[in-house]
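Residue numbers (UniProt numbering): 1 to 435.
Glycine is no exception: its CB is placed at the ideal position from the N, C-alpha and C atoms.
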């Protein structure tokens with residue numbers, strides 16, 4: 001019987017999407033972050049907080065306790081993974097450590113084993129509510145373990161060094177290594193902000209300026225094995241001074257994400273940098289496109305200010321009443337299609353805080369919606385899985401407002417349809433979605 005818990009149903013879809021790619025799963029896979037987040041939600045569901053304690057309990061503490069409950073030393077694989085996670089200097093929170101451990105378990109095909117140990121450790125399992133948790137529900141835990149078993153048969157090639165943003169996000173930045181030949185001066189102007197070392201500018205005549213690899217807005221994550229995450233002000237300069245004349249291996253976090261947009265967790269920090277330094281120019285160096293050099297827009301996409309904009313067909317919209325949850329979407333989309341309106345070729349531009357839809361021919365903006373206005377998004381289950389739609393609340397100023405309306409569009413391919421749905425959903429994390 002299919003699992004009734006909606007978390008498990010959505011996780012099953014994500015696992016199938018990962019499985020359908022038939023290639024090793026890397027950090028660039030668009031389904032990886034969603035799959036990990038859903039596993040995390042399962043591990044948090046029903047996790048009870050300790051009484052009279054100021055420490056917030058997360059699933060990391062559950063895994064951390066398991067080796068202490070192992071009197072016979074049977075959990076050596078888990079103990080090693082927990083210790084590797086604990087000593088990682090780039091992780092500052094229980095959330096970051098839990099996420100690192102999950103990625104480590106996926107890479108080592110050990111996640112089912114780790115969860116099984118938890119299920120057989122009563123002193124840890126009792127932290128979960130027997131009423132609402134999945135781990136203590138016999139009906140749900142079996143399909144959950146089956147999905148983890150499927151994941152354990154897949155190949156995950158994840159860069160475990162790229163972990164400095166796990167405290168904040170499952171979506172990771174582009175991570176590259178800048179190899180510097182011995183030189184007198186690398187020539188970078190640095191700024192410490194929120195525990196990160198940002199590159200503000202490159203000094204003319206310096207090695208970095210000559211190489212055109214590193215760019216203003218990028219983050220120096222590590223130099224020759226020394227992590228700069230949460231480092232004290234000036235530490236990067238001290239490390240570079242000590243290594244003057246030596247070959248350098250600098251690990252760089254790019255400000256530009258895999259899809260060509262600004263990496264979302266950096267948006268606020270880059271705004272602060274620009275406020276402090278009005279001359280800061282992101283994207284002024286030709287090398288800033290190196291992070292996305294292999295990601296050229298398809299015929300159904302175009303570039304606008306460094307963002308990928310989708311060329312789709314606008315099919316129309318329809319009022320659907322006072323309820324805008326995902327449950328109504330499969331009934332709402334036919335209401336639009338039954339109108340049989342002529343479709344329009346439009347540009348769907350998903351920006352940082354909102355999306356816009358513009359007629360490609362007339363350049364007239366058809367609508368603009370901020371992500372919090374969108375209540376759900378998904379694709380139509382028939383006939384070819386290229387139609388997608390979202391529900392949006394009517395503006396309070398709209399005369400005779402009916403509550404919600406459904407906006408339907410058509411992508412050129414199934415893959416692109418799924419990609420757009422995922423991007424709209426991640427634009428606002430509380431939006432309900434399915435693919």
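Open item on the list: Taking a contact to mean a Cβ-Cβ separation below 8 Å, would you say residue 309 touches residue 347 in this structure?
Closed with: Taking the chain shown and counting its residues from 1, the one referred to as residue 309 is at position 309. Taking the chain shown and counting its residues from 1, the one referred to as residue 347 is at position 347. Yes. Within cutoff.
Task: Segment limits, alpha helix (DSSP H) that includes residue 105 - done: Position 105 of the chain shown, counting from 1, holds the residue named residue 105. In the DSSP assignment, residue 105 falls within the unbroken alpha helix (DSSP H) covering 94–107.
Open item on the list: Between which two residues does the beta strand (DSSP E) holding residue 223 run?
Closed with: Here residue 223 refers to the residue found at position 223 when the chain shown is read from its first residue. Counting along the chain, the beta strand (DSSP E) containing residue 223 begins and ends at 219–223.
Task: Close-in-space but distant-in-sequence residues of the same chain around residue 288 (CB under 6 Å, 5 per side omitted) - done: The residue you call residue 288 lines up with position 288 of the chain shown. Note that residue 288 scores a pLDDT of 43, beneath 50, so its modelled location is shaky; the value from the coordinates is reported in the next line. 215, listed in sequence order.
Open item on the list: When you compare the CB positions of residue 108 and residue 166, do they come within less than 8 Å of one another, or not?
Closed with: As a first step, residue 108 must be located in the chain shown, where it is residue number 108. As a first step, residue 166 must be located in the chain shown, where it is residue number 166. No, the pair does not count as a contact, with Cβ atoms beyond the cut-off.
Task: Length of the line joining the Cα atoms of residue 292 and residue 26 - done: In the chain shown, residue 292 corresponds to position 292, counting from 1. In the chain shown, residue 26 corresponds to position 26, counting from 1. Interpretation of residue 292 is limited by its pLDDT of 42, a score under 50 that renders its predicted location unreliable; the figure taken from the coordinates is listed afterwards. Their Cα atoms are separated by approximately 15 Å.
- [ ] Look up residue 188 in the DSSP assignment and give the residues it is bridged to.
- [x] Within the chain shown, the letter at position 188 stands for residue 188. DSSP lists 202 as the bridge partner or partners of residue 188.
- [ ] Apply the 10 Å Cβ neighbour rule to residue 441 and answer buried if 16 or more other Cβ atoms are within range, or exposed otherwise.
- [x] A question about residue 441 goes unanswered here, because the residues of the chain that appear run from 1 up to 435.
Task: Closest residue to residue 362 among 350, 356, 345, 355 (Cα-Cα distance) - done: Within the chain shown, the letter at position 362 stands for residue 362. The shortest C-alpha separation from residue 362 is found at 345.
Open item on the list: Using a Cβ-Cβ cutoff of less than 6 Å, which residues in the same chain neighbour residue 262 once the five nearest sequence positions on both sides are dropped?
Closed with: On the chain shown, residue 262 is found 262 positions in, with the first residue counted as 1. Listed in chain order, the non-local C-beta contacts of residue 262 below 6 Å within the same chain number zero, local neighbours out to five positions each way being set aside.
Task: Distance CB(residue 179)-CB(residue 249) smaller than 8 Å - done: Residue numbering aside, residue 179 sits at position 179 when the chain shown is read from its first letter. Residue numbering aside, residue 249 sits at position 249 when the chain shown is read from its first letter. Going by C-beta atoms, residue 179 is nearer than 8 Å to residue 249.
Open item on the list: Which residue marks the beginning of the alpha helix (DSSP H) containing residue 36, and which one marks its end?
Closed with: In the chain shown, residue 36 corresponds to position 36, counting from 1. Run containing residue 36: 32–44, per the alpha helix (DSSP H) assignment.
Task: Uninterrupted beta strand (DSSP E) stretches inside the segment 312–372 (no shorter than 3 residues) - done: Fully enclosed beta strand (DSSP E) runs of 3 or longer: 344–350, 354–359, 365–370.
Task: According to DSSP, residues forming a beta bridge with residue 407 - done: Here residue 407 refers to the residue found at position 407 of the chain shown. Looking at the DSSP assignment, residue 407 forms a beta bridge with 317, 390.
Open item on the list: Measuring straight from C-alpha to C-alpha, what distance separates residue 294 and residue 258?
Closed with: Your numbering for residue 294 matches position 294 in the chain shown. Your numbering for residue 258 matches position 258 in the chain shown. Its pLDDT being 43, under 50, residue 294 is placed unreliably in this model, and the coordinates cannot settle the point.
- [ ] Identify, in the order they occur along the chain, each residue of the same chain with its Cβ nearer than 7 Å to the Cβ of residue 43, setting aside the five sequence neighbours on each side.
- [x] Locating residue 43 in the chain shown gives position 43, where the first residue counts as 1. These residues qualify, in order along the chain: 59.
TODO: Grab the span of the beta strand (DSSP E) containing residue 176 for me, first residue to last.
DONE: Residue 176 sits at position 176 when you count from the first residue of the chain shown. Boundaries of the beta strand (DSSP E) harbouring residue 176: 175–180, taken from the DSSP string.
Open item on the list: One question on the structure: do residue 47 and residue 127 come within less than 8 Å of each other, judged by their Cβ atoms?
Closed with: Working through the chain shown from its first residue, we reach residue 47 at position 47. Working through the chain shown from its first residue, we reach residue 127 at position 127. Yes, Cβ-Cβ distance for residue 47 and residue 127 is below 8 Å.
Open item on the list: Please list the terminal residues of the continuous beta strand (DSSP E) segment that includes residue 453.
Closed with: The structure shown does not extend to residue 453, since the chain is modelled only from 1 through 435, so no value can be given for it.
Task: Check whether residue 366 and residue 404 have beta carbons under 8 Å apart - done: Here residue 366 corresponds to residue number 366 of the chain shown, with the count starting at 1. Here residue 404 corresponds to residue number 404 of the chain shown, with the count starting at 1. No, they are not a contact pair.
TODO: Just the C-alpha distance for residue 162 and residue 173, rounded to the nearest angstrom, thanks.
DONE: As a first step, residue 162 is located in the chain shown; it is residue number 162 there, counting from the start. As a first step, residue 173 is located in the chain shown; it is residue number 173 there, counting from the start. Looking at the two C-alpha atoms, the distance is approximately 8 Å.
Task: Where residue 49 falls, given that 16 or more other Cβ within 10 Å makes a residue buried - done: Counting from 1 along the chain shown, the entry for residue 49 is found at position 49. Classification of residue 49: exposed, given that the 10 Å Cβ count is below 16.
Open item on the list: Between residue 10 and residue 38, how many whole angstroms is the CB-CB distance? I'm expecting something under 8 Å.
Closed with: Taking the chain shown and counting its residues from 1, one reaches residue 10 at position 10. Taking the chain shown and counting its residues from 1, one reaches residue 38 at position 38. About 6 Å separates the CB atoms of residue 10 and residue 38; that is less than 8 Å, so the two are in contact.
TODO: Indicate whether residue 422 and residue 130 have their beta-carbon atoms separated by less than 8 Å.
DONE: Position 422 of the chain shown, counting from 1, holds the residue named residue 422. Position 130 of the chain shown, counting from 1, holds the residue named residue 130. For residue 422 and residue 130, no; Cβs fall outside 8 Å.
Task: Euclidean distance between Cα positions of residue 388 and residue 334 - done: The residue you call residue 388 lines up with position 388 of the chain shown. The residue you call residue 334 lines up with position 334 of the chain shown. Spanning the alpha carbons of residue 388 and residue 334 requires a straight line of approximately 11 Å.
- [ ] Return the CA-CA distance between residue 351 and residue 253, expressed in angstroms with no decimal places.
- [x] In the chain shown, residue 351 corresponds to position 351, counting from 1. In the chain shown, residue 253 corresponds to position 253, counting from 1. Going from the Cα of residue 351 to the Cα of residue 253 covers about 21 Å.
Task: Three-way DSSP call (helix, strand, coil) for residue 86 in this model - done: Here residue 86 is taken as the residue at index 86 of the chain shown, counted from 1. Note: residue 86 maps to helix in three-state DSSP.
Task: For residue 262, the three-state DSSP class (helix, strand or coil) - done: Here residue 262 refers to the residue found at position 262 when the chain shown is read from its first residue. Here residue 262 sits in strand by DSSP.
Open item on the list: Using only CA atoms, which one of 193, 211, 187 lies nearest to residue 201?
Closed with: Counted from its first residue, the chain shown places residue 201 at position 201. Considering only alpha carbons, the answer is 187.
Open item on the list: For the segment 138–148 against the segment 86–104, do three or more pairs of beta-carbon atoms, one drawn from each stretch, fall closer than 8 Å, so that the two count as touching?
Closed with: As far as the Cβ criterion goes, the segment 138–148 does not touch the segment 86–104, which means the pair count is below three.
Task: Coil, strand or helix - residue 250 by DSSP - done: Working through the chain shown from its first residue, we reach residue 250 at position 250. DSSP places residue 250 in strand when its eight states are reduced to three.
- [ ] On a CA-only basis, which of 5, 82, 234, 96 is nearest residue 138? Give me that one, please.
- [x] Taking the first residue of the chain shown as position 1, residue 138 is located at position 138. Comparing Cα-Cα distances from residue 138 to each of 5, 82, 234, 96, the minimum goes to 5.
Task: Buried or exposed (CB count within 10 angstroms, at least 16 for buried), residue 160 - done: Counting from one through the chain shown, the residue named residue 160 turns up at place 160. Its Cβ having fewer than 16 others within 10 Å, residue 160 is exposed.
- [ ] Decide if residue 219 is buried, meaning its Cβ has at least 16 other Cβ atoms within 10 Å, or exposed.
- [x] Reading the chain shown from its first residue, position 219 is the one you call residue 219. Classification of residue 219: buried, given that the 10 Å Cβ count is 16 or more.
TODO: Please check the pair residue 353 and residue 370, which I expect to be a contact at CB under 8 Å, by giving their CB distance rounded to whole angstroms.
DONE: As a first step, residue 353 is located in the chain shown; it is residue number 353 there, counting from the start. As a first step, residue 370 is located in the chain shown; it is residue number 370 there, counting from the start. About 6 Å; that satisfies the 8 Å criterion.
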